[in-house]
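First residue of the sequence shown? That's 220 in the working numbering, and the numbers climb one at a time after it. Each residue gets a CB set at the ideal place from its N, CA and C atoms; glycine is no exception. What follows is one structure encoded as structure tokens, with my remarks underneath.
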Amino acid sequence: MSEMPLLKIGDLEARIPIIQGGMGVGVSLSGLASAVAKEGAIGVISSAAIGMLEPDFGKDFREANARALRKEIRKAKETKGIIGVNIMVALSDYDDHVNISVEEGADLIISGAGLPLKVPEKILQGKNEKNRTKFVPIVSSGRAAELIFRYWAKRYGVVPDAVVVEGPMAGGHLGFKREEIDNPDYALERILPDVIAVMKTYEQRYGESIPVIAAGGLFTGADIYRALQLGASGVQMATRFVGTYECDASMEFKEAYIKSKEEDIVIINSPVGMPGRAIRNEFLDDVTQGIKKPMNCPWKCLKPCDYVNSPYCIALALTNAKKGNLKNGFVFAGANAYRVKEIISVKALIETLQKEFGDVPCDEFEKSS
């Protein structure tokens, strides 16, 4: 039996080396994040179109986003533990969300769906004061990690606190081209060592540890064990947390996971110009057949969204799904979503992952390496 190691990001110390992945729109809010943090892992709120849950989002989407994000961070912070916020670089109000997260005392910001090169002043101020919200970019290659860290080092004289490397088996929007998703050269176990090598260079230069977090397709405690054996300091997992009572999505959303089969997990072309992984349903079939869904864009929430020519509003479709209206929406999911077979508590899930981790024979992966 082996125990999971601690995950340290600067002066943050998580007893369980798991970051619960941020899931928008409204799938991971304070309910899930606080439950995960309470169990010793890192709970994460997704800020993506979080204002869609406010009654007045159609009048002032930006203000609705800001209000909802503050409310959810404050709720989550009532629970003892580490709370992060996932903020997509592609959001039109990205800077607003970063500043709000810092002001409300989020422990860390995780940022993907674009390269976080421009850094809001509040992050830099905090870094210089050594009393701050940690910043963690998401990358899909060593090249992207090098680009971000080199830019920060040259422009700001500092670097991010950790990095998440996400492989192509993740759910939602993917940082890969369609032809790369099933290419073994882009598998997590291939790109993870490249990112670790880049971080070693900056660790030596700055004299501090920069943890690398593995993500994308990790489902069991054995998967966590393997990622750590490959050199990761921790993992990010999202899909399996959907199958918990505390997940903020509707029961209909969760049942889409439970009822899905492997062949139902498909790659779609998102209106924002990225491939994404979702569970096939009637809504997506209609989109594939060219049936345009009625759309009224309240605000261009994502910078790259071609809302004029888009067949549907992805923020509205995901909000509908979160609320259980799957006839007018769909569910994003990781490659292993079909393996979710029941709804359990976050506490039970963490205990299961710990047991699975501890049950891995010590020499299992040494034999295969």
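Taking a C-beta distance under 9 Å as the contact criterion, Ala433 and Val384 qualify as a contact pair. Shown here, Glu570 sits in a helix according to DSSP, grouped into three states. Asn402 is bridged by DSSP to nothing; it lacks a bridge partner. With respect to Ile302, Val454 sits apart: the two C-beta atoms are not nearer than 9 Å. For secondary structure counted as the alpha helix (DSSP H) over 4 or more consecutive residues, the stretch 255–337 holds these complete runs in sequence order: 280–296, 313–322. Taking C-alpha positions only, Arg409 is separated from Ile443 by approximately 16 Å. Judged by their CB atoms, Ala540 and Ala475 are nearer to each other than the 9 Å cut-off. Between the stretch 243–250 and the stretch 453–469 there are three or more inter-stretch CB-CB distances shorter than 8 Å, so the stretches are counted as touching. For Gly440, the uninterrupted alpha helix (DSSP H) run begins and ends at 440–448, by DSSP. Under a 10 Å Cβ-count criterion, Glu258 is classified as buried, with 16 or more other Cβ atoms of the shown protein chains found around its own Cβ.
Under the three-state reduction of DSSP, Thr458 is assigned to helix. Per DSSP, Gln239 is not a residue of any alpha helix (DSSP H); the beta strand (DSSP E) it occupies stretches across 237–239. As far as DSSP is concerned, Ile415 takes part in no beta bridge.
Where Glu501 is concerned, the enclosing alpha helix (DSSP H) starts and stops at 501–507. Assigned with DSSP and collapsed to three states, Phe549 falls in coil, not helix or strand. Here Val355 is bridged, per DSSP, to Ile329. Beta-bridge partners assigned by DSSP to Leu226: Ala233.
A contact between stretches requires three or more CB pairs, one per stretch, nearer than 8 Å, and the stretch 322–339 fails this requirement with the stretch 413–422. Under the three-state reduction of DSSP, Glu385 is assigned to strand.
Within a 10 Å sphere around the beta-carbon of Asn488 sit fewer than 16 other beta-carbons, which makes this residue exposed.
Within the same chain, Cβ atoms closer than 6 Å to the Cβ of Lys294 are found at Ser249, the five residues on either side in sequence being excluded.
In the three-state scheme derived from DSSP, where H, G and I count as helix and E and B as strand, Ile498 is classed as strand. With a 10 Å radius around the Cβ and a threshold of 16 neighbouring Cβ atoms, Asn305 comes out buried. The stretch 223–238 and the stretch 322–331 touch, with three or more beta-carbon pairs separated by less than 8 Å. Separation of Lys560 and Thr463 (C-alpha to C-alpha, rounded to the nearest whole angstrom) is 11 Å. From the listed residues Met456, Lys480, Gly390, the smallest Cα separation to Val565 is found for Met456. With a cutoff of 9 Å on beta-carbon distance, Pro412 and Gly450 are scored as near each other. Measuring C-alpha to C-alpha distances from Lys480 to each of Met493, Ala497, Thr538, Gly492 identifies Ala497 as the nearest.
In this chain, Ala364 is not harboured by any beta strand (DSSP E); it is covered by the alpha helix (DSSP H) spanning 361–375.
Taking all protein chains in view, the Cβ of Ser330 is crowded by 16 or more other Cβ atoms within 10 Å, so the residue is classified as buried.
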